[in-house]
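Have a look at the structure below before the remarks.
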Amino acid sequence: MRLAIVGLQWGDEGKGKIVDYLAKNFDVNARYQGGSNAGHTVRYDGKKVIFHQVPCGVLSKSVTGIIGAGCVLDPKILLEEIDNLRKYVDKVEERIKISKFCHLIMPYHILIDEIREGTKQAIGTTKKGIGVAYEDKYGRTGIRVGDLFRAEFFEKRLRINISRKNLILMDIYNAEPLSDNEIFDLYMRYAEKLKDMVVDDTKFLNDAITAGKNILFEGAQGALLDIDFGTYPYVTASHTITSSVGIGLGVPPRSVEHVLGVAKAYTTRVGQGPFPTEDSGQLGKMLRESGAEFGSTTGRPRRCGPFDAGLIRYAARIDGVTEIVLTKLDVLSGLDKIRIAIGYENAEEFDPFNIEHLTPKYIEVPGFKRDISGARSPDELPREARDYIRIIEDYTGLKVRYVSVGPERDAVVEM
Ligand code: GDP
Ligand code: IMO
Ligand code: MG
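Numbering (the working numbering), first residue to last: 109 to 523.
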């Protein structure tokens, strides 16, 4: 079985939790886009582990994690993450593979991202250098993981890049220049530490497919942050949708046999950009507090509001999703009534070009009072919670396959 897990909203839907929950059935878990902007949280046995670069499935001992060609890699963050993971799993580095094609995030990418975020150009990025690294990739001046192992090429390209970036830093941003010698030495030290993990991911994965291995493709961010189909320009710099799997790993499109979309039982967004169902009043505050809605990567408070079925219909269309995982349903318990946006008063359907003008059309459904975090089967959910799930199915046209009722690994109801 080859399954892709993708976010259907603006990220942070709980993809990490679901990947970890399903991982025990898989041999390989591959990330195909994004980088250290991702923050995927896994909770088990009371422990909390946040993944930025490493696929979450590696907590299951059968799983090999791949950081694919379509990702961008910050070696510093990866090495810190591996060090932290050693507390939980033995020899985890032996099960982590990095594509030689994957582009490196360099110190100048991070610095320029940080500086731009202080200007009118700001969009509320995670300041991890993601957009600037992808700019260099498409500008054909990027440096790839494989380049670390041809030192002469690496050094030449690095020196040219730094001299160009220093012009931008000094002349446009009035900032201090960077030292190419220091960065060269630093990345050579990283190369030494990473060398045993570097592979040709296209070979590794195509061989795994031929051998009939079970592969879990782990998306980062969400459909509305997709560079083309998201709420541009308030998006990330990669393709977050299912089609990105093939491009990001060098495998054919048919490699994805099944897709599960992950959607929160409400909506959140972190960073700037339009958000039709945003609630800046009591409900938004309650969701942020009960759902602990603070960014896993930056700690920023997430903007919150009701579930938006129109947005999910749009995301499901571009992601090829027919089944979803509805997460954080437990966060809604205690509400007398729950508001759901079933569509828009002034538009047929969700349209990123018209998003600032969309007025959500709400219905109100009865809430549920009791704590549902202990439920493990549909009949352990209150009737109102089951009704809420059915209403979401009706208005999205999607089957809710799993419901997540708490952050812990086993807090899942299979419907
Ligand atoms: P991701 O980026 O999609 O992996 O999501 P994040 O990890 O950034 O954010 C999801 C947050 O919600 C994390 O803190 C999870 O531990 C938590 N979480 C996931 N599923 C549930 C759930 O069903 N209920 C509750 N209360 N928390 C959840
Ligand atoms: P996961 O994988 C939520 C948002 C940022 C910003 C925009 C661009 O944990 O769901 P970037 O640093 O990528 O250039 O920022 O995208 N963003 C995310 N929001 N979850 C994420 O990842 C995100 N990754 C980026 O907040 O609005
Ligand atoms: Mg996250």
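By construction, the Cβ of each residue, glycine as well, lies at the ideal position given by its N, Cα and C atoms. Note that the structure is a prediction, hence the values are computed from the model and not measured.
{"query": "heavy atom of the ligand IMO below 7 Å from SER441 C-beta", "result": "no"}
{"query": "Neighbourhood of PHE261 by C-beta distance below 7 Å, restricted to the same chain and skipping five residues each side", "result": "ASP255"}
{"query": "Span of the alpha helix (DSSP H), counted from its first residue to its last, around ILE218", "result": "215–224"}
{"query": "Identity of the residue in CYS179, LYS169 and GLU456 nearest GLY143 by Cα", "result": "CYS179"}
{"query": "Residues near the ligand MG, criterion Cβ-heavy atom distance below 5 Å", "result": "ASP120, GLY147 and SER404"}
{"query": "Sequence-distant residues of the same chain with beta carbon closer than 6 Å to ALA138, five excluded per side", "result": "ILE174, GLY176, PHE325 and LEU357"}
{"query": "Three-state class that DSSP yields for ALA299 in the structure shown", "result": "helix"}
{"query": "Pair within 8 Å by beta-carbon distance, LYS303 and PHE257", "result": "yes"}
{"query": "Residues sharing a beta bridge with LYS412, DSSP", "result": "Correcting the residue identity first, residue 412 is Cys in this sequence and not Lys. Answer by DSSP bridge pairing, in chain order: THR376."}
{"query": "Nearest residue (CA-CA) to VAL439, options PHE159, ALA241 and GLY392", "result": "GLY392"}
{"query": "Rounded separation between GLN390 and ALA400 - CA only", "result": "15 Å"}
{"query": "Enclosing beta strand (DSSP E) for VAL127 [first to last residue]", "result": "Here VAL127 belongs to no beta strand (DSSP E); instead the alpha helix (DSSP H) covers 123–130."}
{"query": "With 16 other Cβ atoms within 10 Å as the buried cut-off, status of MET305", "result": "buried"}
{"query": "The beta strand (DSSP E) enclosing THR310, as first and last residue numbers", "result": "First-last for THR310: 309–318, but that is the alpha helix (DSSP H), not the beta strand (DSSP E)."}
{"query": "Beta-carbon proximity check, TYR452 vs LYS477, cutoff 8 Å", "result": "no"}
{"query": "Cβ contact check for the segment 313–323 and the segment 407–419: 3 or more pairs under 8 Å", "result": "no"}
{"query": "Integer-rounded CB distance, given that THR348 should sit under 8 Å from GLN161", "result": "Incorrect: roughly 16 Å between the Cβ atoms, too far for contact."}
{"query": "Cβ neighbour criterion (16 or more within 10 Å) applied to ASP153", "result": "exposed"}
{"query": "For ILE228, three-class secondary structure by DSSP", "result": "According to the sequence as given, residue 228 is Lys; it is not Ile. Three-state DSSP puts LYS228 in coil, outside helix and strand."}
{"query": "N-terminal and C-terminal residue of the beta strand (DSSP E) that PHE159 is part of", "result": "155–159"}
{"query": "ARG421: first and last residue of the uninterrupted alpha helix (DSSP H) it sits in", "result": "417–427"}
{"query": "Proximity below 8 Å, CB of ARG493 to CB of ILE432", "result": "According to the sequence shown, residue 493 is Ala rather than Arg. No, the Cβ-Cβ distance between ALA493 and ILE432 is not below 8 Å."}
{"query": "Alpha-carbon spacing of CYS164 relative to SER352, whole angstroms", "result": "19 Å"}
{"query": "Beta-carbon spacing of ARG517, ASP128 below 8 Å", "result": "yes"}
{"query": "Identity of the residue in LEU187, LEU395, ARG377 and GLY122 nearest THR234 by Cα", "result": "ARG377"}
{"query": "Cβ-heavy atom distance, LYS123 to the ligand IMO, below 7 Å", "result": "yes"}
{"query": "7 Å Cβ shell around VAL240 - same chain, five flanking residues per side excluded", "result": "HIS217, ILE220 and ASP221"}
{"query": "Cβ-heavy atom distance, SER346 to the ligand GDP, below 7 Å", "result": "no"}
{"query": "Own chain residues within Cβ distance below 7 Å of GLY536, not counting five before or after", "result": "What the structure shows of the chain is the stretch from 109 to 523, and residue 536 is not part of that stretch, so it cannot be assessed."}
{"query": "Classification of PRO460 by the beta-carbon crowding that lies within 10 angstroms, buried from 16 upward", "result": "buried"}
{"query": "Whole-number beta carbon distance between GLY124 and THR149, since they are thought to touch under 8 Å", "result": "5 Å"}
{"query": "Secondary structure of SER388, DSSP reduced to three states", "result": "coil"}
{"query": "Near the ligand IMO: GLY379 beta-carbon under 7 Å from a heavy atom", "result": "yes"}
{"query": "SER512 beta carbon near the ligand GDP (any heavy atom closer than 7 Å)", "result": "yes"}
{"query": "Distance cut-off 7 Å: ILE231 Cβ against heavy atoms of the ligand IMO", "result": "yes"}
{"query": "Bridge partners - HIS148, DSSP secondary structure assignment", "result": "PHE159"}
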